[in-house]
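Colleague:
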């Protein structure tokens with residue numbers, strides 16, 4: 042089988058899968074007539090359960106198939122041993138052209154919810170209605186075949202999203218220009234970095250002219266310039282009537298781009314018409330209400346421990362800098378960690394300042410052994426106010442929260458100057 046025949050085979054396979062997905066959507070949309078004509082997404086009392094044990098999960102799967110083969114319901118609404126509700130009774134409606142933010146801590150069910158809206162998973166309870174073509178960017182590399190080039194994967198991924206070859210041909214140059222992956226277009230994508238995967242995946246998703254766009258936290262993998270480019274495109278799609286569901290840990294992004302919020306916590310959902318109220322509730326979920334001083338939600342795990350955390354001062358004048366120093370001891374190497382630092386208002390939801398090490402092109406590897414770490418922000422331009430400085434450290438690709446710390450501070454004086462903030466990271470071993 043030559044290269045062209047191989048590619049044609051993959052496209053045929055994708056079209057077959059797409060046909061199955063379309064049949065599945067008919068089942069999912071069997072109650073579509075019961076909702077208003079301007080509704081784009083409806084999630085009605087949706088629950089999804091998983092099993093902690095792989096062995097039991099496989100056994101339950103076989104058991105469900107056997108029950109289904111004799112006409113009995115495959116799924117039980119009761120939890121079996123080692124099962125838990127990843128999502129529990131989630132409901133919301135989203136109209137055409139609206140933008141919804143989904144927020145919550147890691148493991149709260151955000152990605153699971155997006156996958157069910159996209160038709161990848163079935164809910165164990167409840168119903169989901171989706172009207173229109175869906176463009177989704179949920180996992181890095183999803184929908185790409187590693188042995189095919191970026192060029193071929195544009196066609197394959199676009200076919201999964203419902204575009205035919207003629208449509209892709211018309212938009213191919215625009216997709217390539219937006220992705221901006223240079224000379225790697227004809228390189229097999231197995232050699233792509235996670236950032237290149239995101240570039241190509243997002244470019245295809247937004248150029249398929251989706252009625253509904255689903256975007257998970259994967260955009261955090263890209264560089265700052267490309268992130269801004271993506272958010273500008275999301276704003277453009279919103280103006281053209283595209284419904285968007287955005288998952289993010291960045292509250293500035295949520296506050297800027299969304300008009301309503303679903304806050305997920307331990308599988309349970311709370312809906313907010315006001316983004317500010319949703320962000321406030323999310324922030325409160327990390328806070329010990331009895332502790333009015335330093336808040337330390339996470340100081341490590343069984344492999345790494347942070348201790349002796351200190352800030353150089355707690356009262357600042359405009360233009361001054363602050364630094365947070367700490368020691369840590371790790372049993373393993375943590376490469377390419379993400380460091381989030383923010384200054385939050387104490388009186389109302391929102392941020393005075395928010396940054397990540399990657400936004401400043403600062404690579405931070407936490408190495409095995411005993412080390413010291415220092416994070417410094419220079420030229421803080423904030424007027425008279427009470428605030429809180431928050432610091433969070435994540436493992437690579439934000440897969441695990443390693444450290445979370447917050448402290449109240451005070452800014453005194455009026456700022457009459459302009460300038461940029463600067464972040465530096467200093468770390469040394471013993």
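Residue numbers (our numbering): 42 to 471.
C-beta atoms are modelled at their ideal positions from N, C-alpha and C, and glycine is treated no differently.
Predicted, not measured: the structure shown is a model, and the values here were computed from it.
1. Please report the straight-line C-alpha distance between residue 435 and residue 397, rounded to a whole angstrom.
2. Is residue 144 closer than 9 Å to residue 85 when the C-beta atoms are compared?
3. Inspect the CB distances between the segment 420-430 and the segment 247-260 and report whether three or more fall short of 8 Å.
4. Check whether the Cβ atoms of residue 306 and residue 146 sit closer than 9 Å, and answer yes or no.
5. Just mark residue 111 as buried or exposed, buried being the case when its beta carbon has 16 or more other beta carbons within 10 Å.
6. Between 394, 166, 150, 423, which lies nearest to residue 293 when the distance is taken from Cα to Cα?
7. If you draw a straight line from the C-alpha of residue 415 to the C-alpha of residue 360, how long is it?
8. Are the CB atoms of residue 92 and residue 139 within a distance shorter than 9 Å?
9. Three-state secondary structure (DSSP) at residue 137?
10. Considering Cα atoms alone, identify which of 152, 88, 107 is closest to residue 287.
11. Nearest to residue 380 by CA position, among 291, 343, 354, is which residue?
12. Report all residues from its chain with a CB closer than 8 Å to the CB of residue 368; omit the five preceding and five following residues, and keep chain order.
13. Identify every run of the beta strand (DSSP E) within the segment 342-385, keeping only runs that are complete inside it and at least 3 residues long; order them along the chain.
14. Which of the three DSSP states, helix, strand or coil, is assigned to residue 210?
15. Count the other C-beta atoms from every protein chain shown that fall within 10 angstroms of the C-beta of residue 163, then say buried if there are 16 or more, exposed otherwise.
16. Confirm, please, whether the CB-CB distance from residue 132 to residue 244 is below 9 Å.
17. Which term fits residue 159, buried or exposed, when burial requires 16 or more other beta carbons within 10 angstroms of its beta carbon?
18. Just to confirm before moving on: does the CB-CB distance between residue 128 and residue 142 stay below 9 Å?
19. Whole angstroms is fine: what's the gap from residue 266's alpha carbon to residue 213's?
20. Is there contact between the segment 183-202 and the segment 219-237, where contact requires at least three CB pairs shorter than 8 Å?
21. Bridge partners for residue 245 per DSSP, in chain order?
22. Which residues bound the alpha helix (DSSP H) around residue 472?
23. Just verifying my parser: in three-state terms, what is the DSSP assignment at residue 332?
24. Go through its chain and collect everything with a Cβ distance to residue 209's Cβ below 6 Å, but skip five positions before and after it.
25. Please identify the residue among 401, 371, 356, 366 whose C-alpha is closest to the C-alpha of residue 18.
26. Taking the continuous beta strand (DSSP E) assigned at residue 312, which residues delimit it?
27. Helix, strand or coil for residue 299 per DSSP?
28. Rank 233, 118, 113 by C-alpha distance to the C-alpha of residue 87 and give the top, closest one.
29. Between which two residues does the alpha helix (DSSP H) holding residue 197 run?
30. Output needed for residue 451: all residues of its chain with C-beta closer than 8 Å, excluding positions within five of it in sequence on either side, in chain order.
31. Just to confirm, are residue 100 and residue 185 a CB contact at a threshold of 9 Å?
32. By the 10 Å Cβ neighbour count, where 16 or more other Cβ atoms means buried, how is residue 90 classified, buried or exposed?
33. Could you work out which residue in 254, 421, 102, 297 is closest to residue 453 when comparing CA atoms only?
34. Can you tell me whether residue 139 sits near the ligand GTP, meaning its C-beta is under 8 Å from at least one heavy atom of the ligand?
35. In its own chain, which residues sit with a C-beta less than 6 Å from the C-beta of residue 319, not counting the 5 before and 5 after it?
36. Could you tell me if residue 204 is buried or exposed, where buried requires 16 or more neighbouring beta carbons within 10 angstroms of its beta carbon?
Modeller: Reading off the structure:
1. 11 Å
2. no
3. Fewer than three pairs of CB atoms, one per stretch, sit closer than 8 Å, so the segment 420-430 makes no contact with the segment 247-260.
4. yes
5. An exposed status is given to residue 111, since fewer than 16 other beta-carbon atoms sit within 10 Å of its beta-carbon.
6. 394
7. One C-alpha to the other measures close to 19 Å.
8. no
9. Residue 137: coil per DSSP, three-state reduction.
10. 152
11. 291
12. 347, 348, 349, 411, 412, 413, 414
13. 345-352, 363-371
14. Three-state result, residue 210: helix.
15. exposed
16. No; because the gap between Cβ atoms is not below 9 Å, this pair is not in contact.
17. buried
18. no
19. For the pair residue 266 and residue 213, the Cα-to-Cα distance works out to about 22 Å.
20. yes
21. DSSP output for residue 245 lists no bridge partner at all.
22. Absent from the structure is residue 472, since the part of the chain shown begins at 42 and ends at 471.
23. Residue confidence for residue 332 is low, a pLDDT of 44 falling below 50, so the modelled location carries little weight; the figure read from the coordinates is stated next. Coil.
24. 196, 199
25. Because the chain spans 42 through 471 in this model, residue 18 falls outside it and cannot be assessed.
26. Element bounds for residue 312: 309-313.
27. coil
28. 118
29. 191-201
30. Result list for residue 451: 355, 356, 357, 426, 427, 428, in chain order.
31. Against a cut-off of 9 Å, the Cβ pair of residue 185 and residue 100 comes out as no contact.
32. Buried is the call here.
33. 421
34. Of ligands this structure carries none, so the ligand GTP is not represented either.
35. 302, 304, 313
36. buried
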